[in-house]
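There are 2 protein chains.
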Amino acid sequence: MLGAAAQDYLKAIYKLSLAEERVTPSMLADRLEVSPAAVTKMLRRLQELKLVNYGRSQELALTSAGEKIALEVIRHHRLLEAYLMEALGYTWDQVDAEAEKLEHVISEEFEDRIDEFLGFPTHDPHGDPIPTKEGVVDNRRHGTLAELEPGQSGVIRRVTDGDPEMLRYMGRLGLYPSTQVEMLHKEPFGGPLRVRVSDTEHAIGRELAGNIFVSRKDDECNGES
Amino acid sequence: MLGAAAQDYLKAIYKLSLAEERVTPSMLADRLEVSPAAVTKMLRRLQELKLVNYGRSQELALTSAGEKIALEVIRHHRLLEAYLMEALGYTWDQVDAEAEKLEHVISEEFEDRIDEFLGFPTHDPHGDPIPTKEGVVDNRRHGTLAELEPGQSGVIRRVTDGDPEMLRYMGRLGLYPSTQVEMLHKEPFGGPLRVRVSDTEHAIGRELAGNIFVSRKDDECNGES
DNA sequence: CGATAGATTTAACCCAGGTTAAATCACTTG
DNA sequence: CAAGTGATTTAACCTGGGTTAAATCTATCG
């Protein structure tokens, strides 16, 4: 049985390799808030367990065994997030921290039961895709709201889930997945964006807009996925 | 923050001291399935943390700080057991193992939410009392079904929760807390007991009956507690 | 009283996971 | 090419939790 820390490393490597082309030890140290030395040691252990490839001059990457574990943990995490909101009334800024602890200890029984309770959901409350038990996950990428040109509209598909404060702010503005948005105007020189959210207008910063991922009306992936 | 293992020691000491008058290291080693040496070391740590009293020739006992933690963990455990059955359809022989892992990681938020979901229950599915957040717990003891004399009847208040196989068997016989039972006949020389459970009769062994705790009709504590 | 048996503690070790400080690697740049 | 800088690794150490084997209590019995 792998410890919770090791699982967190695998999860972090998986997520970083989706976002970053090349994953380095320092990125892991950063993300996991541990010292670089701790990363070195853990990577050596994971390599001996055949969960990552990390030979000299070799790209750091998960083996398929490592990816399988990462996806199981991510599945737990996202199912838990959905469950905590749906069943226990958590708000979407609270679920990440709780799921972070629970994801390492729940049984397959628990996983199956909340999956069924939720009606076998495909996405968590932030719009992140939930891997199947077989490890299949929809990793299509979406453009950000900041990239929408004035006049264009789209549907929010996902928001960045790391910052509770930002999530609460998004919530106050109604910026949830599945919500329709239209870019009305982009003030120049890093200025605010005027956006229509459902029926109201908001002026938001570009940083926030960069953390909101949308599918454009005219996109190739604009159906209900 | 105390590790999960240390919490398990405190919980074990608490439970043993309810049942056993004197708690010894070997009893802990037994119960927790660790070596006696591990117990010695952990007790020294817990003593330094002022969670147990264990001076030379001093009775092993929890300090009030230690008892507080033990009761918190037990509260988590029993709320979780009730929740898993009520909300997720677990059977009563499955909940102990799952609660054992979850009890150490859930937040106070989670605790409060499942408590509310359950309507602030006072007992878990096996009839064990759930401590309040303030650490108050109803530790009244009940006699066993085996002690009921022919002709006497009572209400099941609690069953021993440690053995899933036994719980499933009890379930098949309808031996749940709140169920009415009547002792019809006790076969001599360790023979079976004929018992009426609700409307059906069963012949059960004395070992089983010793793991079922009842309040007699004429007891001092026969009300709905 | 002394022997012996059971309970307990000590000692030495292991593993997972972390730290800091120093050494080394790799890369850009004058 | 040498030097400096940032990334990485090594070394030594810490903590929580566990192990086995040996030493030591302690209590009882002949």
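For the record, the sequence lines run as chains A and B.
The C-terminal residue of the first sequence carries number 224 in numbering that gives the first Met the number 0, and the numbering is unbroken.
The C-terminal residue of the second sequence carries number 224 in numbering that gives the first Met the number 0, and the numbering is unbroken.
By construction, the Cβ of each residue, glycine as well, lies at the ideal position given by its N, Cα and C atoms.
Predicted model, so just to flag it, every value in this text is computed and none were measured.
Going by other Cβ atoms of all chains shown within 10 Å of its Cβ, with 16 needed for buried, is His75(A) buried or exposed? With 16 or more other Cβ atoms within 10 Å, it is buried.
Can you grab the Cα-Cα spacing for the pair Phe212(B) / Leu79(A), in whole Å? Approximately 37 Å, taken between the alpha carbons.
For Asp127(A) and Glu66(A), what's the separation of their Cα atoms in angstroms? Approximately 17 Å between the Cα atoms of the pair.
On a Cα-Cα basis, can you pick out the residue from Arg43(A), Leu87(A), Val136(A) and Pro120(A) that is closest to Ile113(B)? It is Leu87(A).
7 Å CB neighbourhood of Gly209(A) in its chain, flanking five on each side removed: So the list reads Thr143 and Ala145, once near-sequence residues are dropped.
List in chain order: all unbroken beta strand (DSSP E) runs of 3+ residues lying wholly within the segment 87-162 of chain B. Counting whole runs of 3 or more residues, the segment 87-162 of chain B contains the beta strand (DSSP E) stretches 152-158.
Bridge partner(s) assigned by DSSP for Ala60(A): DSSP, once it has assigned bridges, lists Asn52(A) as partnering Ala60(A).
Count the other CB atoms within 10 Å of the CB of Gln6(A); is the residue buried (16 or more) or exposed (fewer)? By the C-beta density criterion, Gln6(A) is buried, having at least 16 other C-beta atoms within 10 angstroms.
Coil, strand or helix - Glu164(B) by DSSP: Note: Glu164(B) maps to helix in three-state DSSP.
C-beta atoms of Leu42(A) and Leu27(A) nearer than 9 Å: A contact, by the Cβ cut-off of 9 Å.
Whose CA, out of Lys40(B), Arg215(B), Glu71(B) and Leu207(B), lies closest to the CA of Glu133(B)? For Glu133(B), the closest alpha carbon among the candidates Lys40(B), Arg215(B), Glu71(B) and Leu207(B) is that of Glu71(B).
C-beta neighbour in chain B for Leu117(A), strict 9 Å: At a cut-off of 9 Å, the C-beta of Leu117(A) has no neighbouring C-beta in chain B.
Would you be able to state if there are at least three C-beta pairs under 8 Å between the segment 18-33 of chain A and the segment 87-104 of chain A? Contact annotation: the segment 87-104 of chain A does not touch the segment 18-33 of chain A, with fewer than three C-beta pairs closer than 8 Å.
Could you say if the segment 181-194 of chain B and the segment 102-122 of chain B meet the contact criterion of at least three C-beta pairs nearer than 8 Å? Contact between the segment 181-194 of chain B and the segment 102-122 of chain B is absent, because fewer than three Cβ pairs lie under 8 Å.
At the level of alpha carbons, what is the spacing between Thr199(A) and Arg193(A)? Looking at the two C-alpha atoms, the distance is approximately 10 Å.
Expected contact under 8 Å - CB spacing of Thr23(B) and Leu45(B) to nearest Å: No, Thr23(B) and Leu45(B) are not in contact; Cβ-Cβ is about 15 Å, not under 8 Å.
Note down, in chain order, each residue of its chain lying with its Cβ closer than 8 Å to the Cβ of Arg215(B), except the 5 sequence neighbours on either side. Answer for Arg215(B): Gly142, Leu147, Gln151, Ser152, Gly153 and Asn221, listed in chain order.
Would a check of beta-carbon distances place Val97(B) closer than 9 Å to chain A? The sequence shown places Glu at residue 97(B), rather than the Val named in the question. So, interface residue.
Please classify Arg156(A) as buried or exposed, where buried requires at least 16 neighbouring CB atoms within 10 angstroms. That one is buried.
Counting only C-beta atoms, is Ile105(A) closer than 9 Å to chain B at any point? Under the Cβ distance rule, Ile105(A) counts among the residues neighbouring chain B, one pair being separated by less than 9 Å.
Cα separation between Asp218(B) and Glu107(A)? In this predicted model, Asp218(B) has a pLDDT of only 49, less than 50, meaning its place in the structure is not dependable; the value taken from the coordinates is given anyway. Their Cα atoms are separated by approximately 44 Å.
List, in chain order, every chain A residue whose beta-carbon is nearer than 9 Å to that of Arg74(B). Going along chain A, no residue has its Cβ under 9 Å from Arg74(B), so there is no contact; the nearest lies around 17 Å.
In chain A, what lies closer than 8 Å to Ile113(B) by C-beta? Neighbours of Ile113(B) on chain A, chain order: Leu87.
Which value, in whole angstroms, describes the spacing of the CA atoms of Ala36(A) and Tyr8(A)? Counting only the Cα atoms, Tyr8(A) lies some 14 Å from Ala36(A).
So with CB distances below 7 Å, who are the chain B contacts of Gln57(A)? Going along chain B, no residue has its Cβ under 7 Å from Gln57(A), so there is no contact; the nearest lies around 35 Å.
Local conformation of Lys40(A) per DSSP, three classes: In the structure shown, the three-state DSSP call for Lys40(A) is helix.
Beta-carbon gap between Val196(A) and Pro176(A) smaller than 9 Å: Going by C-beta atoms, Val196(A) is not nearer than 9 Å to Pro176(A).
Simplified DSSP assignment, three categories, for Glu181(B): Glu181(B) falls in the strand class under three-state DSSP.
Cβ neighbours of Leu172(A) in the same chain (closer than 8 Å, five flanking residues each side left out): Within the same chain, Leu172(A) has close Cβ partners Val196, His201 and Ile203.
How far does the beta strand (DSSP E) with Leu192(A) in it reach, from first residue to last? Note, Leu192(A): beta strand (DSSP E), Leu192 to Val196.
Simplified DSSP assignment, three categories, for Ser25(A): Of the three classes helix, strand and coil, the one that applies to Ser25(A) here is helix, per DSSP.
Is the beta carbon of His225(A) sitting closer than 9 Å to the one on Ala3(A)? Outside the shown range of chain A (0 to 224) lies residue 225(A), about which nothing can therefore be said.
Could you give the C-beta distance for Ile73(A) and Leu50(A), rounded to a whole number, given that I count them as a contact under 8 Å? Not quite, the Cβ-Cβ distance comes to about 15 Å (not below 8 Å), so this is no contact.
In whole angstroms, what is the alpha-carbon distance linking Arg205(B) and Met169(B)? A direct Cα-to-Cα measurement between Arg205(B) and Met169(B) gives close to 13 Å.
Members of the segment 169-200 of chain A near chain B, C-beta cut-off 8 Å: None of the residues of the segment 169-200 of chain A has a beta carbon lying less than 8 Å from any beta carbon of chain B.
Which value, in whole angstroms, describes the spacing of the CA atoms of Glu110(B) and Ser56(B)? Between Glu110(B) and Ser56(B), the C-alpha separation is close to 39 Å.
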